[in-house]
Every structure is written in structure tokens, then in C-alpha cells.
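First the structure, in the form of C-alpha cells, and then the observations on it.
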Amino acid sequence: MPYEQKDYYISAKDNEYYKALNVVEHLAEEAKQRNNSPMWTETLEKLTNELKDNNGDNLTPWHFNMIISILLDYVPTEVKDK
């Protein structure tokens, strides 16, 4: 049986969970409107639904990798390339 760690969470401190959820929801909606790759849109919808279903608890490394990737999309290239 493969082991998958699921005890990660997003803190409710300073509304961090809701801030992360809002960004993910925004990008998912944007992807739908722009008719982006169906696979990317489905991935964003899956992430949004799972974040809502578990209220930011019992997250896996996949969830965090996706959230970090999404947030990095909002960082200017010159900042990321330093």
C-alpha cells in the first residue's frame, strides 16, 4: 500500500486559507473563460473543490505544489529570475 502524507494544512491565521482559496478560484475561473487547456482547467477545478471540501486541512504535497505554482504565476519574471 503506497504511503501518502496528508497532514498538511493551511493556517486560518490572517485568513491565509481564504486568501489561497480566492487566488485558486480566480485562476480557475480565468482558465474557464479563456478556454485554456482542458487538463489545466480540470486540475484547477479539482484543487478548488478539494480545498473547499477539506477547509484547508489534510492536504498533500500535491496541493501545496499546485498552490505554490499558481502563486508564482503572479510574481513578476524579473523577481523570479533574480
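Sequential numbering from 159 applies to the sequence shown in my numbering. Idealized CB from N, CA, C, for every residue including glycine. Nothing here was measured: the structure is a model prediction, and the numbers come from that model.
Residue burial classification, residue i (beta-carbon count within 10 angstroms, cutoff 16)
| i | result |
| --- | --- |
| Leu217 | buried |
| Met197 | exposed |
| Val182 | buried |
| Thr199 | buried |
| Leu209 | buried |
| Ile226 | exposed |
| Ala186 | buried |
| Ala170 | exposed |
| Leu230 | exposed |
Run of the alpha helix (DSSP H) containing residue i, from where it starts to where it stops
| i | result |
| --- | --- |
| Ser227 | Pro219 to Leu230 |
| Ala170 | Segment: none, Ala170 is in no alpha helix (DSSP H) and carries neither H nor E. |
| Pro196 | Pro196 to Asn212 |
| Tyr238 | Correcting the residue identity first, residue 238 is Lys in this sequence and not Tyr. Here the alpha helix (DSSP H) through Lys238 covers Thr235 to Lys238. |
Residues near residue i in its chain [Cβ-Cβ closer than 6 Å; skip 5 each side]
| i | result |
| --- | --- |
| Asn194 | none |
Integer-rounded CB distance, given that residue j should sit under 8 Å from residue i
| i | j | result |
| --- | --- | --- |
| His184 | Leu205 | Wrong, their Cβ atoms sit about 12 Å apart, outside the cutoff. |
Sequence-distant residues of the same chain with beta carbon closer than 7 Å to residue i, five excluded per side
| i | result |
| --- | --- |
| Lys238 | Leu230 |
| Ile228 | Val181, Val182 and Leu185 |
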